[in-house]
Each structure stands twice: as C-alpha cells, then as structure tokens.
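*Asks:* Start counting the sequence shown at 163; every next residue gets the next number (this note's numbering).
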Amino acid sequence: MMMTEQQKIHPVADVEAPHPTAPLVNSRSARSDKGDPELQQYAPRRNIPVYHSKPPKKRRGCCCKCICWTISLIILLIIIIAAAAAGILRGFQPKLPKYSIDRLRITDFQLDTDASLFARFAVRVTASNPNKKIGIYYEDGSNLSVFYTGTKLCEGRLPHFYQGHQNTTILDVALKGQTPNANALFSALRTEQQTTGSIPLNLRVKVPVKIKLGKLKLWKIKFMVRCDLVVDNLSAAASIRIKTSDCKFRLRPF
C-alpha cells in the first residue's frame, strides 16, 4: 500500500515585507527616572579611598629639647666657672702687677746721610708683683717699643724670667732702631726740644706670661703695658730727665 507523502509547510519570510524598525519609545525610558530598582539594588558601589594624613614628625619637639639641653649645659658651665673663679679670688686674692719707667738713656740718636734716623736707647723698667700666692712666668716673644707721635724710634725685648711672690724686679732693656726718610721727624724733634723743653714719648710693652697659682701653672696670656712719658731732651750721652710717667696695664688672651 502506497503511503501518500505528507507535505510539511515551513513558514518562509516574506522577502518583500519591510524590515521591522526600532521602537519609537526606548523601553528604559518608560521606567522611572530613578532607574531600574534591580540594577540599583545590585549595582556595585565605588568605595572612595580615605587617605589618612600622616602625623607630623616631632622635629619641633626634638629641636626644643636640644635647645633646652644646650642652654642648661651652658648655664651649668657658667655656674661652674663662676664658682671656680670665686674660689680663686677668695683663696689667692689676685692683684694686678705694676710697672714703671724709672730711667731713660740714649747712646745714639743721629741722622745719617741717607736721611735714616738711628736710635739706641736704654730703658729701665720696674716690674712689681704684689701677690702673696701668685707667681708670674715672663715668656719669650716679648716686645718693647718707643714711639714719637706714632712713629716707632726703636724696640727691644724683655728677658725671660720668673717673678715670685711679692717681688720687685728691675729690668734694663736695650733698644735700637732705624727710621727711614726721617728728615722731617728729626727736625720736629729738635724744634720741640728747643722751644718747649718737653718731648712726649710712648712706650708699649707686649709680653706673653703664664700665671702660677700655688703649684698650678695656667695657660699663656698676654700682658699689655702702655706708658706715656715726657722727657726734657733726646740728646745722645746727655742726662735725660723724665718729667712725667703714667703706665697703664691690661691683659688679654694670647
């Protein structure tokens, strides 16, 4: 028996039918302006990172501590030095040494043919140490100079010696010098000697010393002595009279 073939009908797209166009209304626009609640519910939230500011370093506090410690140490050092100085003053009762110019002799004072002034002086210096417990070491490197109106005439050195307690030492110091182009200087000296009979001189002494406190020998300092003299003449081989003499003393670190 012959079976009849059944025809199967499949839908075929109409070629001539127009293609569907996009909907005029967006499906999302019909929803609420607030958006899809499902999307809002499951939409991931962005976590805004929070940056914590680092605490400032304690530099200011450290600086303040350093300054406080430094000031404290300085104050402590000052107190220690003041206490030591007070102890020295109480125990040794220091007094300033005294100096005087007692005699001046001139062995040579003449103008050479090349207008150079040659001078040779001999000065007697009296140094007194009035301290009972303090000695003075006069070290090498001293200088004694004689000036007239700011011009150096001659210079020499003090001897190296130790001066004990309550001691007076007489020093005879030889000085010599040469001043170039001294025509005007020599003429001014002669004129002043003849008209006034008074010639102002200035003696400056610089000497390094070390102070001895009991058995303790301290560091080196410098004695500075300035003596203002007025003499009656500057003639070689003549007797010179010192009319006035005033010596001032001060000390300074070496």
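The beta carbon of each residue, even a glycine, is placed where N, CA and C say it ideally should be.
Given the structure is predicted, the values throughout are model-derived calculations rather than measurements.
In terms of alpha-carbon separation, which member of Val285, Lys257, Ala400 and Ser407 lies closest to leucine 333?
*Replies:* The shortest C-alpha separation from leucine 333 is found at Val285.
*Asks:* What does the Cβ neighbour count give for glutamine 325, buried or exposed, with the cut at 16 atoms within 10 Å?
*Replies:* Flag for glutamine 325 reads buried.
*Asks:* What is the residue span of the beta strand (DSSP E) that alanine 336 lies within?
*Replies:* Segment 329–341, the beta strand (DSSP E) holding alanine 336.
*Asks:* Please go through the region 213–293 and give each complete alpha helix (DSSP H) segment of 4 or more residues, from N-terminal end onward.
*Replies:* Runs found: 221–254.
*Asks:* According to DSSP, threonine 313 sits in a beta bridge with which residue or residues?
*Replies:* Per DSSP, Tyr310.
*Asks:* What span of residues does the alpha helix (DSSP H) with serine 349 cover, start to end?
*Replies:* From DSSP, the alpha helix (DSSP H) with serine 349 extends over 345–357.
*Asks:* Buried or exposed, going by whether 16 or more other CB atoms sit within 10 Å of the CB of proline 321?
*Replies:* Exposed: under 16 other Cβ atoms inside 10 Å.
*Asks:* Answer with buried or exposed for lysine 405, where buried requires no fewer than 16 other C-beta atoms within 10 angstroms of its C-beta.
*Replies:* Lysine 405 is exposed by the Cβ-count criterion.
*Asks:* Which word fits isoleucine 268, buried or exposed, when buried means at least 16 other C-beta atoms lie within 10 angstroms of its C-beta?
*Replies:* Buried, since its Cβ has 16 or more Cβ neighbours within 10 Å.
*Asks:* Please state whether the Cβ-Cβ distance between leucine 337 and glycine 318 is less than 8 Å.
*Replies:* Yes; because the gap between Cβ atoms is below 8 Å, this pair is in contact.
*Asks:* Thinking C-alpha only, which one of Ala399, Asp264 and Phe283 is nearest alanine 289?
*Replies:* Among Ala399, Asp264 and Phe283, the Cα nearest to that of alanine 289 is on Asp264.
*Asks:* Hey, valine 387 and tyrosine 299 are a contact pair by Cβ (cut 8 Å); roughly how many whole angstroms apart?
*Replies:* 16 Å between Cβ atoms; not a contact.
*Asks:* Give the secondary structure of aspartate 302 by DSSP, where H, G and I count as helix, E and B as strand, and everything else as coil.
*Replies:* The answer is coil: DSSP assigns aspartate 302 none of H, G, I, E or B.
*Asks:* Compute the Euclidean distance between the alpha carbons of alanine 112 and cysteine 226, then round it to the nearest angstrom.
*Replies:* What is shown of the chain runs 163 to 416, which leaves residue 112 out entirely.
*Asks:* What are the complete beta strand (DSSP E) segments, minimum 3 residues, inside the region 356–407?
*Replies:* If we require 3 residues or more, the beta strand (DSSP E) runs fully inside the region 356–407 come out as 361–375 and 378–393.
*Asks:* Express the C-alpha separation of cysteine 389 and alanine 245 in angstroms, rounding to a whole number.
*Replies:* The alpha-carbon atoms of alanine 245 and cysteine 389 are separated by roughly 35 Å.
*Asks:* Considering only DSSP beta bridges, list what glycine 326 is partnered with.
*Replies:* In the DSSP output, where bridge partners are listed per residue, glycine 326 has none listed.
*Asks:* Quick check: proline 342 and serine 278, are their CB atoms within less than 8 Å of each other?
*Replies:* Yes; because the gap between Cβ atoms is below 8 Å, this pair is in contact.
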